[in-house]
Amino acid sequence: MLAIVLDESRNMKSTTPLQREFDLVAGLTLGDKTAIEQLYKLYSSSLYGIIFRIIKTEEAAQDILQDTFVKIWKNIKTYDPHKGRLFTWMVNIARNLSIDMVRSKYYRNNFQNEDIADKQQVVEREFNFCINPDLLDIKKFVDKLKIDQRSLIHLIYFQGYTQAEAAEELKIPIGTVKTRIRLSIIALRRYYSA
7 MLAIVLDESR NMKSTTPLQR EFDLVAGLTL GDKTAIEQLY KLYSSSLYGI IFRIIKTEEA
67 AQDILQDTFV KIWKNIKTYD PHKGRLFTWM VNIARNLSID MVRSKYYRNN FQNEDIADKQ
127 QVVEREFNFC INPDLLDIKK FVDKLKIDQR SLIHLIYFQG YTQAEAAEEL KIPIGTVKTR
187 IRLSIIALRR YYSA
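Spelled out as structure tokens, the structure:
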């Protein structure tokens, strides 16, 4: 049964990003090795990029990437979809392992060229997107938007759709999606600063 779900989830156009995440988490929870393989195919390059920005050496970044997927595999039962998206959870694991490496004596002796505080600032600046919008009380401002803008913000920022996926879901051109998102962000800035 699980293999059928995972096979269907490989057809990216027929499922939503949330459904794909649900299927992957279900497979990982049951110990299905095809689920971890699929997770690796989908997210390894993104996670590697995040790790490399912190570590700045290929060898160490590859090691951290492998450690990240091992930790995901071992700790998938601790993932709570109510607290955030699967990708955000994985980014936090990768980021924390990377920071631990940067702070390690081994790294300082062999790789470190910059001050750890500088790296910490880069990490915080680059990963602000991982903050849960509920914690920032953004949703009350989103509710003030026009219905077409609100639906796009929910799809893209709260449900993790890409702009292309949102355009397909709403059956509107990608240019319209980009325009509405830009106008939504302008309106949100106005609401937030008022």
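Heads up: the sequence shown is residues 7 to 200, going by our numbering.
The beta-carbon is built from N, C-alpha and C at its ideal position, and this holds for glycine as well.
Here the structure is a predicted model, which is why all the values come from computation and not from measurement.
Burial state of residue i (16 or more Cβ within 10 Å)
i	result
G181	exposed
L30	buried
R195	exposed
L36	exposed
I191	exposed
A172	buried
E64	exposed
Under 8 Å between C-beta atoms of residue i and residue j
i	j	result
T74	A100	yes
R91	G166	yes
L48	M96	no
Y198	K150	no
R169	V183	Looking at the sequence provided, one finds Gln at residue 169 rather than Arg. Yes, they are a contact pair.
I57	I70	yes
Beta-carbon separation (whole angstroms), residue i vs residue j, contact threshold 8 Å
i	j	result
V108	I60	6 Å
Exercise for the section: Count the C-beta pairs between the region 181-200 and the region 154-163 that are closer than 8 Å, then say yes if the count reaches three, no if not. Expected result: yes
Practice task
Starting from the N-terminal side, write out each stretch of the alpha helix (DSSP H) that is 4 residues or longer and does not extend beyond the region 20-92.
Solution key: 23-35, 39-61, 64-81
Handout entry: the region 69-85 contacting the region 102-112, beta-carbon criterion three pairs below 8 Å
Key = yes
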